[in-house]
Each structure stands twice: as structure tokens, then as C-alpha cells.
């Protein structure tokens, strides 16, 4: 067996690998429509978004309470002084029903400030939610791109394993016939093992990227269509 023959098979294998890898691009897997669905889902289901919604609800309730508080600054009272014979000696205009109105001047002066403060808290809470929505959108986008990248890399690694498996039987056949050296055969097997290991690592990376993305959106990706 010539050394030239032992070189041709690994070289052809490399050509197959680089040819298929050169055609790969993660951009073909990016869907901005799906990405927007992920962002919308995260805004709806991510636990911290629910916290902001509850805070806005509470702040809006505080504004309503502050406005209704105008009725607290004044107190009405109704007094009854019955007419009887004893009052005939010294008749008074106080006989009968009396209405009293008591106004807390301090509360009147403070009320506009209380309402303004409550409205300010509501606006701040809304602004904080909007800021977090921007952050969550950026995080979902980043993790989605990492997920797509992991899918593309796994596809490349899987194809690399398939490429080498396609010529493995030929290499084994040539080795058994004495047309390949033990050194060439061992190198071939080491290359195969390396590609299988790289594929397994890519599978793990894909699962981790998927889990990280699902953490933000609050649902399994299979549930988002």
C-alpha cells in the first residue's frame, strides 16, 4: 500500500466536512416573527413582570384613595334639641335640629400634595416596568440568538460525524486488506471519536441554551407556536 492512498481518504473526508460546513449559516434559522412571540410571551409570563403589574395596580388604587380623601377633610354633624315646655321661658334658636360642618384646614392644604405624590408613585412604577420590558426584550433576543447558534453548531457537528461514518467502512476494509497502515487507521478512529465528542458537547450546549431561553419566556418552547 502506498502512503499516497493513506492520505487520499482522510483528505477527501476533510473536503466533505469543509464543503458541508461552508454551506451552513445560523442566519437561515433566525425568525424575527418567532422572536417577537418569545418577547411577548416573556412580558406576559415572566414572574417579575407580574410583580410590576401588581405594583401598578396598587399604585393606581392609592391614587383613587387619595382623591376620595377629600371627603375626610370635612366632618358633618347633626344635633337635635327637642322643643318642650322648659324652653318656653327662655326660647332659643337652638331648639330643634342643628347641622354642623367642621373643616380640617391642615388636611385641605395637604391633600393636593398627597394626590400628586400618589400619582407620581404610579408614574414611577409604570416607568420602571417599561424599563424592565426593554431589558427583558434584550435578554430574550440574546438568548434566542444563542439558542439558534447552538442549533446550527449541532447540525454542523452532526454532519461531521455522518461524513466520517460514511467513509469509515471503506477505511476499515482497506486496513483489513493491508492497504492502510495501523497508524492511519488509528488516526482515523481518533478523528471519529473527537467528532462524536464534539457532537455530544453541542447537544449539551443546545439543551442549556434552550433552558436559559425558557427561563425568561416562562413556557416550554414547544408551547410557543
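Residue numbers (the numbering used here): 906 to 1130. Ideal Cβ placement from N, Cα and C applies to all residues, glycine included. Please read these numbers as outputs of a predicted model, since none were measured by experiment.
- Remark: C-beta atoms of residue 947 and residue 1030 do not approach each other more closely than 9 Å.
- The Cβ neighbour count for residue 1106, taken over all protein chains shown within 10 Å, is under 16; the residue is labelled exposed.
- Contact check between the segment 1035-1052 and the segment 1069-1077: fewer than three CB pairs, one atom from each, fall below 8 Å, which does not count as touching.
- Residue 1110 places its beta carbon less than 9 Å from that of residue 1058.
- With at least 16 other beta carbons inside 10 angstroms of its own, residue 1085 counts as buried.
- With respect to the C-alpha of residue 1113, the residue from 1056, 1093, 1064 having the closest C-alpha is 1056.
- Residue 1096 and residue 950 have their C-alpha atoms spaced approximately 45 Å apart.
- Cβ-Cβ separation between residue 1048 and residue 1118: approximately 4 Å, consistent with a contact (criterion under 8 Å).
- Residue 1116 sits exposed, since fewer than 16 C-beta atoms from the chains shown fall within 10 Å of its C-beta.
- In the same chain as residue 940, and ignoring 5 residues on each side of it, the C-beta atoms closer than 7 Å to its own belong to 1046, 1049, in chain order.
- For the pair residue 1121 and residue 943, the CB atoms are nearer than the 9 Å cut-off.
- Residue environment: residue 1062 is assigned as buried (16 or more neighbouring CB atoms within 10 Å of its CB, all protein chains considered).
- In this structure, 1104 is the residue among 1053, 1074, 1104 with its C-alpha nearest to the C-alpha of residue 1064.
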